[in-house]
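Novice: In this note's numbering, the protein residues as written are 219 to 729.
Mind looking over this structure? Questions follow.
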């Protein structure tokens, strides 16, 4: 069995590519337009109405004897009056939302909520169960609480098996209605599949009306917004849950294009109640991702969820090398997140983690999960030219598991392991990630074996229990399961990397 080795894809210059930073106009939209949207709306509406009235009056003055113009002016006036009414109504709606207050659940109440959440029958049948561990934070007060995900051990085993056979997670296809021109997209795809997956043919997922109204009070309350560092980016929405039955056949998962703001006002504010200016509830903090009833709150399947379903990845990187004496050694790499990171601020995180961009899917197709993991790992634990690492033979990636984060409204996440020829001192933070990642570190395995990996995982979990982010907890959980259940797969990946690492890896490109 041969895990996915991205060397061929890299040789074709498919990926990885450094993520483009959002243009300045993106930040201006958030800091200038969005904050003062009521004034902009009223001013633009008044300017348009005034211009139209003056133009109509001049036409009537010059041709006042033509009755048709009077009739036309009446129709224009009635239309503009209706427009003005709509503008005023929109302004009032925005002002009501802008005056809203956000109230996060206390950590104890959030813990009780997560414990009481029920799973839908289809996920229970697929073997999903809850897994508490690591820390999550609310996006406003930065209060920590125990994170919780649901996962299926059988799904994780089948994902590892697909990776071991060199297969992608699934075939990814647009959800029904996710394309503007499906026939045109298929025609373009005959010549350029990447172009056919471009944003030009995929409108953004329509965020629920209530969530759209929450945009201003939620975004304006975020520390990243007030500091001017928040920007919107195109993301990818997963529309289907993974099941053992689906993975055993020819799995097809549907996707849609979404954006970062859509996640902020749906899944990311799970557990945060929003009140309007009068103190009346606008949003209960739960209903987008959970089905509420008198008995319990039940997680919605992804196909029925009203959250953005923003797909993320978390990957652990293992570098293997030889000492000067020829001894084989391995290191796991970790990232210290800055306080600007909304999901894991101030905590220890995996070698690479983050939400996938639509461009990942555009450029890598069905392989965007693995290649997205590789990009995240390079951004957060490597300094310098990426090709100095990706150009080395012996790099392989295996998907170790899949879970949905309950404290993020059921946000889907894939987890993985990347093994490569790499020295223990070869780590650092890419310039593009300095705002969100403060430092990197490497932990040496006591032995370069499956048991050595399990021992290292156990040590990290115990030593850093007070500062372990939930994504890192889940990544280590799946890593331990890989070493326990598929030791041959892990040791085969290590042997593949060691064969390409005759000596200690150079560190000349690092700082």
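For every residue, glycine included, the Cβ atom is placed at its ideal position computed from N, Cα and C.
By how many angstroms is the C-alpha of residue 475 removed from the C-alpha of residue 411?
Specialist: 16 Å
Novice: Is the beta carbon of residue 528 less than 8 Å from the beta carbon of residue 481?
Specialist: Yes, the pair counts as a contact, with Cβ atoms nearer than the cut-off.
Novice: For residue 712 and residue 613, what's the separation of their Cα atoms in angstroms?
Specialist: Between the C-alpha atoms of residue 712 and residue 613 there is a straight-line separation of about 9 Å.
Novice: Compute the Euclidean distance between the alpha carbons of residue 586 and residue 578, then round it to the nearest angstrom.
Specialist: 5 Å
Novice: Please state whether the Cβ-Cβ distance between residue 466 and residue 549 is less than 8 Å.
Specialist: No.
Novice: Give the secondary structure of residue 568 by DSSP, where H, G and I count as helix, E and B as strand, and everything else as coil.
Specialist: coil
Novice: In terms of residues, what are the limits of the alpha helix (DSSP H) holding residue 534?
Specialist: From DSSP, residue 534 is part of no alpha helix (DSSP H) but of the beta strand (DSSP E) over 530–540.
Novice: So is residue 499 buried or exposed if we call it buried at 16+ other beta carbons inside 10 Å?
Specialist: Under this definition residue 499 is an exposed residue.
Novice: Just to confirm before moving on: does the CB-CB distance between residue 454 and residue 473 stay below 8 Å?
Specialist: It is a contact, given that the beta carbons lie within the stated cut-off.
Novice: Do you know offhand how far residue 514's Cα is from residue 349's?
Specialist: 19 Å
Novice: Among the candidates 667, 638, 664, 674, whose CA atom is the shortest distance from the CA of residue 716?
Specialist: 638
Novice: Among the candidates 641, 542, 330, whose CA atom is the shortest distance from the CA of residue 610?
Specialist: Ranking the options by Cα distance to residue 610, first place goes to 641.
Novice: Quick check on DSSP: helix, strand or coil for residue 333?
Specialist: helix
Novice: Would you call residue 572 buried or exposed, if buried means 16 or more other Cβ atoms sit within 10 Å of its Cβ?
Specialist: Buried.
Novice: Determine the burial state of residue 381: buried for a count of at least 16 other Cβ atoms within 10 Å of its Cβ, exposed for fewer.
Specialist: buried
Novice: Put residue 363 into one of helix, strand or coil per three-state DSSP.
Specialist: The three-state reading of DSSP puts residue 363 in strand, counting E and B together.
Novice: Do you know how far the Cα of residue 296 is from the Cα of residue 364?
Specialist: 57 Å
Novice: In the structure shown, what three-state DSSP assignment does residue 525 receive?
Specialist: Collapsing the DSSP output to three states places residue 525 in coil.
Novice: Looking only at C-alpha atoms, which of 665, 387, 414, 404 sits nearest to residue 545?
Specialist: Ranking the options by Cα distance to residue 545, first place goes to 665.
Novice: What is the DSSP secondary structure of residue 621, reduced to helix, strand or coil?
Specialist: Here residue 621 sits in strand by DSSP.
Novice: Leaving out five residues on either side along the sequence, give the residues of the same chain with a beta carbon under 7 Å from the beta carbon of residue 730.
Specialist: Given that the chain is displayed from residue 219 to residue 729, the structure contains no residue 730 and the question cannot be resolved.
Novice: Under 8 Å by Cβ, that's how I've got residue 370 and residue 699 pegged, so tell me the actual separation to the nearest angstrom.
Specialist: Incorrect: roughly 12 Å between the Cβ atoms, too far for contact.
Novice: Would you kindly work out how many angstroms separate the C-alpha atoms of residue 451 and residue 555, rounded to a whole number?
Specialist: 20 Å
Novice: Less than 8 Å between the CB atoms is what I'm expecting for residue 581 and residue 648, so what's the real figure, rounded?
Specialist: Going by Cβ atoms, the distance from residue 581 to residue 648 rounds to 18 Å, so no, they are not a contact pair.
Novice: If you draw a straight line from the alpha carbon of residue 535 to that of residue 494, how long is it in whole angstroms?
Specialist: Inter-residue distance for residue 535 and residue 494 is about 45 Å (C-alpha atoms, whole angstroms).
Novice: Residue 489 and residue 379 look like a contact to me (Cβ under 8 Å); what is the Cβ gap, rounded to whole Å?
Specialist: About 35 Å separates the two Cβ atoms, so there is no contact after all.
Novice: Measuring alpha carbon to alpha carbon, tell me which of 413, 531, 669 ends up nearest residue 706.
Specialist: Of 413, 531, 669, the residue nearest in Cα terms is 669.
Novice: Does DSSP put residue 486 in a helix, in a strand, or in coil?
Specialist: In the three-state DSSP reduction, residue 486 falls in the helix class (H, G or I).
Novice: What distance in whole Å lies between the Cβ atoms of residue 417 and residue 407, which are believed to be in contact at a cut-off of 8 Å?
Specialist: That pair is no contact at about 15 Å.
Novice: Going by DSSP, what residues sit across from residue 349 in a beta bridge?
Specialist: 367
Novice: Of the choices 468, 449, 507, whose alpha-carbon is the least far from that of residue 479?
Specialist: 449
Novice: Apply the 10 Å Cβ neighbour rule to residue 604 and answer buried if 16 or more other Cβ atoms are within range, or exposed otherwise.
Specialist: buried
Novice: Within its chain, find whatever has a CB closer than 6 Å to the CB of residue 483; leave out the 5 residues flanking it on each side and keep chain order.
Specialist: Answer for residue 483: 429, 432, 433, 436, listed in chain order.
Novice: Since residue 400 and residue 584 should fall inside the 8 Å C-beta cutoff, what is the C-beta to C-beta distance between them, to a whole number of angstroms?
Specialist: Their Cβ separation, rounded to whole angstroms, is 18 Å, which puts residue 400 and residue 584 out of contact at 8 Å.
Novice: Strictly by DSSP, which residues pair up with residue 491?
Specialist: The bridge partners DSSP lists for residue 491 are 321.
Novice: Taking Cβ to Cβ, would you say residue 697 is nearer than 8 Å to residue 671?
Specialist: The answer is yes: Cβ separation under 8 Å.
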